[in-house]
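Just below is one structure, and these are the notes that go with it.
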Amino acid sequence: MTSSFVANRNELAAAFKTLKRFLRRRTDIEAVLTFDNERLSIDANGITVRASGTGSLQGQAYVNWRSLFGLATIMPEGEVVLIKIEASRLIIGTTTIPCTWQESIINVIEHPMDPPLLMTLRLKDKYSDEEIVRSGLLDKVWEAERQMEEMIVQAAAILRPLDVDAGDVRKLALDSVHGRDDG
5 MTSSFVANRN ELAAAFKTLK RFLRRRTDIE AVLTFDNERL SIDANGITVR
55 ASGTGSLQGQ AYVNWRSLFG LATIMPEGEV VLIKIEASRL IIGTTTIPCT
105 WQESIINVIE HPMDPPLLMT LRLKDKYSDE EIVRSGLLDK VWEAERQMEE
155 MIVQAAAILR PLDVDAGDVR KLALDSVHGR DDG
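Residues in the sequence shown are numbered from 5 upward in steps of one, following our numbering.
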């Protein structure tokens, strides 16, 4: 399956128009197209422009600005523009341009060596299970959940004379972990 990105044509045209105005036909400039989080950013000679879109393409394409100049003059028709990378070629609509492609480095979660328990418990609120596993933090999350459950059992035992059970303590603890302690 080929990764692709579908860019908003009007935003892409406006981005290219801005670059064309400042860079003209210069041949010595490298443009970097970065595909990330439903956005395309194009950086060239200190100028950054953006266009929104959707797709599975994640990474950076390095091309000579002169190759993009023609595309900046005549944009493909339609409301959206399909962008793909195939065999060291950047394909924008029906135009192909030689490029150097760099896949995005998989995001690794930065987590301290000895973090507070609450910080580790909140990882599941911020990151997917896949990101946690890829970052090698699954065992730490499981251990944090085990510690929390142990504390819940201890607190429930202490509060049993007040007719508080483990379910009440668990609800309080989970509300605190997931940031719902404000009422």
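For every residue, glycine included, the Cβ atom is placed at its ideal position computed from N, Cα and C. Model, not experiment: these values are computed from the prediction.
Counting only the same chain and skipping the five closest in sequence on each side, list residues whose C-beta sits under 7 Å from that of residue i.
i	result
V53	A19, T22, L23 and I46
T124	K144, V145 and A148
G63	F39, W105, Q106, E107 and S108
Excluding sequence positions up to five away, which residues of its chain have a Cβ less than 8 Å from the Cβ of residue i?
i	result
R43	R54, A55, S56 and G57
For residue i and residue j, I'd like the C-alpha separation in whole angstroms.
i	j	result
E153	R174	8 Å
I162	D169	10 Å
L94	F73	14 Å
E134	R25	43 Å
L37	A65	5 Å
R126	L176	15 Å
In the structure shown, what three-state DSSP assignment does residue i receive?
i	result
A19	helix
P120	coil
P80	coil
E114	coil
I33	coil
Can you list, in chain order, the residues of its chain with a C-beta nearer than 6 Å to that of residue i? Leave out the 5 residues immediately preceding and following it.
i	result
F9	F39, G57, G59, L61 and I87
P80	G97
Using CA coordinates, which residue listed in the options is at the minimum distance from residue i?
i	options	result
H182	G140, Y131 and S139	Y131
E83	T100, N68, A17 and E34	A17
For the ligand ATP, is there a heavy atom less than 7 Å away from the beta-carbon of residue i?
i	result
G63	By its list of ligands, the structure shown contains no ligand whatsoever, and the ligand ATP lies outside what it can speak to.
>> Below 8 Å, how does it come out for the region 85 to 104 and the region 112 to 122: are there three or more Cβ pairs, yes or no?
In response: no
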